[in-house]
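The sequence shown begins at 457 in the working numbering and counts up one residue at a time.
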Amino acid sequence: MGDYSLECLYCGSVYNDDYQLACDRNHEPAFLRTRYSTKQLKHLNVSGMFKFCEWLPCNKILNLGGLPATYKSETLGRELGLKNLYVSFSGYWPEKNAYMETCSFKELEAPPTIARASEIKNEILVVASAGNTGRAFGQFLSKTGYPGYIVVPESGLEMMWLLEEPAENVKLIAVKGDYSDAISISNKIASFKGFIKEGGAKNVARRDGMGTVMLEFVATTKRIPDSYFQVIGSGTGAIATWEAVLRLIEDSRFGYKKPELHLSQNHPFKPIYTSWKQGSRKLVKIDESTARKQIEENFAKVLTNRNPPYSIIGGVYDALKDTNGEMYSVTNEEAIAAKKLFKEIEEIDILPAASVCFASLIQAMEKGNVEKEDLILLNITGGGFERLKEDYSVKYMQPDIIVDKNTNLGEILELGS
Ligand SMILES: *Cc1c(COP(=O)(O)O)cnc(C)c1O
Ligand SMILES: [Zn+2]
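Here is the structure:
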């Protein structure tokens, strides 16, 4: 277990893991990717995501981190006219054996990231989040006792609930501004001694953690799907899925054809959609005030990353190209209608972001982008919060400090850990 190295997708340099987020050499931006010595999918007899630890970049097996429920939906399939529609549900849904208590697939990123950081660096982890990532890290930093600072825009505070009181080792910093402002403050904090940047999509632990959605699907069906549907903000989950597929193809037991990635964004803030539709590898520029206005209007606020890893080598553009993928734009009205329909059919609530994804599947049907017999994986990236509240009373994390871009960051450091 844990036998892996990191390889630069541009120059091929290979590294032992020292918690790098990028290649040392000076060249255009490119991801590092894990190369595992284990070439066949294995799952250990442990519960949760660490059953796939052979393909996670850490040595510890944490008894943490649920897995999504993966099931064939006859009901949704019938409604849409699809014969082989599978749902991966990341959230709380005890009736389907789904116990992801932070109610989103960000719960797959936090445990391996914390394990990797604690094994290699043991410094305070700084995580920027629009909300769902912050909640997942809040929960798992609390459970593991590993120190971390979580930086969220004020709009994300309503997403910062936990089942238990947060532990002392977790500090919450609220930023006046949007998600991208939170990212920029978190970068400043992480540059101080004793802190490490969690790194977002560049962190292989985050990507490989999210890759377990596809691993669990293939462990269930024994086949790589024809099409994969996901809503994206940064696209980290989609890149992770593509990378998991490349490993599964090397495995050779589950098929050789890559699934088409059908990725969606919420109108009006949809820089990846627009760039892809223009055939551009460069991300289109949206001026800042327009972007802020658009973000304000979006139903799914977690999707509002202004600097997603789209152009970088190994990023969203490459994932779409390599899989013959497609992008969708979904309006708030479509998303809200899809949320309602999903609830009626499946009898579970889904998060706004996930409803954008379900709406994109409806669009794909209308456009004839999928065939009736296709094996389709619909990634419902978050849900079951209403269901969770029937069983638990949640507690909201209070910010330790509220900052803006003029705040002296010394004040933040005084929070300690
Ligand atoms: C973060 C998030 C997404 C988008 O994930 P990417 O990292 O952009 O792939 C989708 N749905 C939910 C519920 C999320 O929290
Ligand atoms: Zn390199």
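Where is the CB? At the ideal position from N, CA and C, for every residue including glycine.
Distance, residue 836 Cα to residue 530 Cα: What you label residue 530 is simply residue 74 of the sequence shown in a count that begins at 1. What you label residue 836 is simply residue 380 of the sequence shown in a count that begins at 1. Taking the straight line from one Cα to the other gives about 16 Å.
Buried or exposed by the 16-neighbour rule on C-beta atoms within 10 Å, applied to residue 669: Working through the sequence shown from its first residue, we reach residue 669 at position 213. That one is buried.
Three-pair Cβ contact test at 8 Å for the stretch 615 to 633 versus the stretch 721 to 740: no
Contact the stretch 786 to 803 vs the stretch 758 to 767: 3+ CB pairs below 8 Å: no
Extent of the continuous alpha helix (DSSP H) run through residue 692: Translated into the one-based positions of the sequence shown, residue 692 becomes position 236. Per DSSP, residue 692 belongs to the alpha helix (DSSP H) from 692 to 707.
Range of the contiguous beta strand (DSSP E) that encloses residue 768: Numbered from its first residue, the sequence shown carries residue 768 at position 312. Taken as a continuous stretch (DSSP letters only), residue 768 belongs to no beta strand (DSSP E), as it is neither H nor E.
heavy atom of ligand 1 below 7 Å from residue 583 C-beta: Residue mapping note: residue 583 aligns to position 127 of the sequence shown, counting from 1. No.
Residue 686 Cβ short of 7 Å to ligand 4 heavy atom set: The ligand content of the structure shown is limited to ligand 1 and ligand 2, which means ligand 4 is not among them.
In DSSP terms, what residue 544 is bridged to: The residue labelled residue 544 in the question sits at position 88 within the sequence shown. Beta-bridge pairing links residue 544 to 526 and 835.
Backbone CA spacing between residue 603 and residue 597 [nearest angstrom]: Working through the sequence shown from its first residue, we reach residue 603 at position 147. Working through the sequence shown from its first residue, we reach residue 597 at position 141. Distance between the alpha carbons of residue 603 and residue 597: 7 Å.
Any non-hydrogen atom of ligand 2 closer than 7 Å to residue 471 Cβ: Your numbering for residue 471 matches position 15 in the sequence shown. Every heavy atom of ligand 2 is 7 Å or more from the Cβ of residue 471, so no.
Nearest to residue 782 (by Cα), restricted to the options 863, 641 and 716: The count along the sequence shown starts at 1 and reaches residue 782 at position 326. The option with the nearest alpha carbon to residue 782 is 716.
Environment of residue 872 [buried if 16+ CB atoms lie within 10 Å]: Mapped onto the sequence shown, residue 872 falls at position 416. Classification of residue 872: exposed, given that the 10 Å Cβ count is below 16.
Outcome for residue 816 when other beta-carbon atoms lying within 10 angstroms are tallied against a minimum of 16: Translated into the one-based positions of the sequence shown, residue 816 becomes position 360. Counting Cβ neighbours within 10 Å, residue 816 comes out buried, since at least 16 surround it.
DSSP beta-bridge partners of residue 687: The sequence position of residue 687 within the sequence shown is 231, counting from 1. Note: residue 687 sits in a beta bridge opposite 720.
Residue of 814, 795, 812 and 813 minimising C-alpha distance to residue 805: Sequence index remark: in the sequence shown, residue 805 carries index 349 (1-based). For residue 805, the nearest C-alpha among the options comes from 795.
Other residues of its chain near residue 696: CB distance less than 6 Å, five sequence neighbours each side excluded: As a working mapping, residue 696 is identified with position 240 in the sequence shown. Closer than 6 Å at Cβ, skipping near neighbours: 663, 666 and 667.
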